[in-house]
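Residue numbers (this note's numbering), protein chains in the order written: chain U, 12 to 166; chain A, 24 to 302.
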């Protein structure tokens, strides 16, 4: 990705209602986040880290929905193992969770497969899925963020 | 070698018969035997959630939804084969648990060789094959919470007395049973007992020995190492030669462009000299 493309992306999200944009291309991942969508300001409050060098087989484009609240309170569920990320138990089955799903602590969110061992990954919190950070059937590394969850006060 | 008396070969699975002469400490000591379940893995995962001890065996005479990787079907007709799942609770770092998937396949292959004399070989990661046809398959499922492995279920389907005519046409060239390869029936209970003993032994090795040692035994039985293969993933395909394993048991493929890639979960298809796929 070159500087020109990066500038275009920044302009794109400034003009739009998109709060955060993550793009992967040719092994480079860029995330651009607007500080606030309710009060846009003239000087671009954007940052372009992190840029990673993880080789990605297929470029993926993710456009998360508008952030429902300040992301600072969100929790990030990271991969405890290395393997392939699956959102459903079988190719023709429904995903375990969708964006906006309300989940319980201990609920299965995804499967990560390595060597025909299917690891069911449980939620660490009661909360709402606000971001799904990996595309189905893509490789994930140890510690790679998988989901962002907006914790809900337990009743 | 396992006895060939035909009356023994046909006897049904019962808890008493399974426990009688079983030389394990924990594997199979707690036993849940069913006439029919959807899948022994599914039932075992429920028992594991309920706190069943390590080594608990879930066994069924038939499965209505026997399954393999990606929800694929495992043919499970009644009273002919072995369909079992074992609950395990290994402590330590879940990052290295993938190696157990390979080690368990070693135990199945060694049991077959010792019980029948048939040459059982391993297709990565854990298919057990005799004369290049699949005779047994493994599916492992675990539950992870934070960095902790709550439990792990090892599911094994082993075609013992299945006959060729019970298989769908499209599987007859790639799937077999011990009976088809041997030309006689086998007693499933004796085979199960030896399998549980071998699995317990290999489980100890896996937990105490360095990965290199564990992988040496696996490599000796592998028919994938050195092979020209095609690797199929949902959105990509690679061809090349298998040059080894990572310490976790992932396959290292040298692609035709000489670049190496690590394969952890995709379908590996052996390619014959004449380039015809053989499975």
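Virtual Cβ for every residue (Gly too), placed ideally from N, Cα, C.
Among the options, which has the Cα closest to the Cα of residue i?
i: residue 47 of chain A; options: A:222, A:275, A:135; result: A:222
i: residue 172 of chain A; options: U:129, U:136, U:96, U:102; result: U:129
i: residue 250 of chain A; options: A:291, A:59, A:91; result: A:291
i: residue 71 of chain A; options: A:41, A:166, A:119, A:90; result: A:166
i: residue 148 of chain A; options: A:254, A:261, A:94; result: A:254
i: residue 23 of chain A; options: A:73, A:77, A:256; result: Outside the shown range of chain A, which is 24 to 302, sits residue 23 of chain A, and nothing can be said about it.
i: residue 96 of chain U; options: A:93, A:103, A:141, A:157; result: A:93
i: residue 161 of chain A; options: A:170, A:238, A:150, A:109; result: A:150
i: residue 231 of chain A; options: A:178, A:174, A:190, A:120; result: A:120
i: residue 304 of chain A; options: A:106, A:135, A:288, A:39; result: Residue 304 of chain A falls outside the range modelled here, since chain A spans only 24 to 302, and no answer is possible.
i: residue 38 of chain A; options: A:96, A:192, A:99, A:80; result: A:80
i: residue 109 of chain A; options: A:174, A:257, A:118, A:99; result: A:174
i: residue 178 of chain A; options: A:90, A:75, A:281, A:54; result: A:90
i: residue 97 of chain A; options: A:235, A:237, A:257, A:199; result: A:199
i: residue 279 of chain A; options: A:40, A:248, A:252; result: A:252
Could you have a look at residue i and say whether DSSP puts it in helix, strand or coil?
i: residue 90 of chain U; result: coil
i: residue 136 of chain U; result: coil
i: residue 228 of chain A; result: helix
i: residue 255 of chain A; result: strand
i: residue 156 of chain U; result: strand
i: residue 106 of chain A; result: strand
i: residue 287 of chain A; result: coil
i: residue 139 of chain A; result: helix
i: residue 241 of chain A; result: helix
i: residue 268 of chain A; result: strand
i: residue 120 of chain A; result: coil
i: residue 282 of chain A; result: coil
i: residue 66 of chain A; result: helix
i: residue 234 of chain A; result: helix
i: residue 204 of chain A; result: helix
i: residue 112 of chain A; result: coil
i: residue 294 of chain A; result: strand
i: residue 118 of chain U; result: coil
i: residue 248 of chain A; result: coil
i: residue 87 of chain A; result: coil
i: residue 160 of chain A; result: strand
Enumerate in chain order the residues of its own chain whose CB-to-CB distance from residue i is below 7 angstroms, with the five nearest sequence positions on each side excluded.
i: residue 85 of chain U; result: 141, 159, 160, 161
i: residue 5 of chain A; result: Lying before the first or after the last residue shown, residue 5 of chain A is absent from chain A, which here runs from 24 to 302.
i: residue 36 of chain A; result: 56, 82, 84, 211, 212
i: residue 88 of chain A; result: 61, 62
i: residue 116 of chain U; result: 134, 135, 136, 137
i: residue 143 of chain U; result: 110, 158
i: residue 153 of chain U; result: 90, 92, 93
Look up residue i in the DSSP assignment and give the residues it is bridged to.
i: residue 98 of chain A; result: DSSP lists no partner for residue 98 of chain A.
i: residue 130 of chain U; result: U:123, A:165
i: residue 50 of chain A; result: Answer is none; residue 50 of chain A lacks a bridge partner.
i: residue 260 of chain A; result: A:255
Taking its Cβ as the centre, do 16 or more other Cβ atoms sit within 10 Å of residue i, making it buried, or is it exposed?
i: residue 64 of chain A; result: buried
i: residue 43 of chain A; result: exposed
i: residue 351 of chain A; result: Missing from the structure shown is residue 351 of chain A; chain A here goes from 24 to 302 and no further.
i: residue 114 of chain A; result: exposed
i: residue 126 of chain A; result: buried
i: residue 243 of chain A; result: exposed
i: residue 132 of chain A; result: buried
i: residue 59 of chain A; result: exposed
i: residue 138 of chain U; result: buried
i: residue 101 of chain U; result: exposed
i: residue 180 of chain A; result: buried
i: residue 163 of chain U; result: exposed
i: residue 127 of chain U; result: buried
i: residue 225 of chain A; result: buried
i: residue 83 of chain U; result: exposed
i: residue 189 of chain A; result: exposed
Within the same chain, show all residues whose beta-carbon is closer than 8 angstroms to that of residue i, passing over the 5 residues directly before and after it, in chain order.
i: residue 132 of chain U; result: 88, 90, 91, 119, 120, 121, 122, 123, 157
i: residue 269 of chain A; result: 275, 285
i: residue 246 of chain A; result: 144, 145, 146, 152, 155, 293
i: residue 49 of chain U; result: Note that residue 49 of chain U scores 36 on pLDDT, short of 50, meaning its location in the model is unreliable; the coordinates nonetheless yield the value given after this. No residues qualify anywhere along the chain.
i: residue 241 of chain A; result: 125, 126, 128, 129, 145, 268, 272
i: residue 80 of chain U; result: With a pLDDT of only 47 at residue 80 of chain U, under the threshold of 50, the placement of this residue in the model should not be trusted, and no figure is reported.
i: residue 195 of chain A; result: 187
i: residue 191 of chain A; result: 98
Report all residues from its chain with a CB closer than 6 angstroms to the CB of residue i; omit the five preceding and five following residues, and keep chain order.
i: residue 101 of chain A; result: 84, 85
i: residue 98 of chain U; result: 106, 121, 147
i: residue 277 of chain A; result: 263, 264, 266, 283
i: residue 94 of chain U; result: 123, 124, 125
i: residue 219 of chain A; result: 47, 50, 51
i: residue 123 of chain A; result: 229
i: residue 104 of chain U; result: none
i: residue 204 of chain A; result: 141, 153
i: residue 159 of chain A; result: 131, 151, 181
i: residue 134 of chain A; result: 217, 218, 221
Return yes when the C-beta of residue i is under 8 angstroms from any heavy atom of the ligand ZN, and no when it is not.
i: residue 150 of chain A; result: Among the components of this structure there are no ligands whatsoever, and the ligand ZN is therefore not found.
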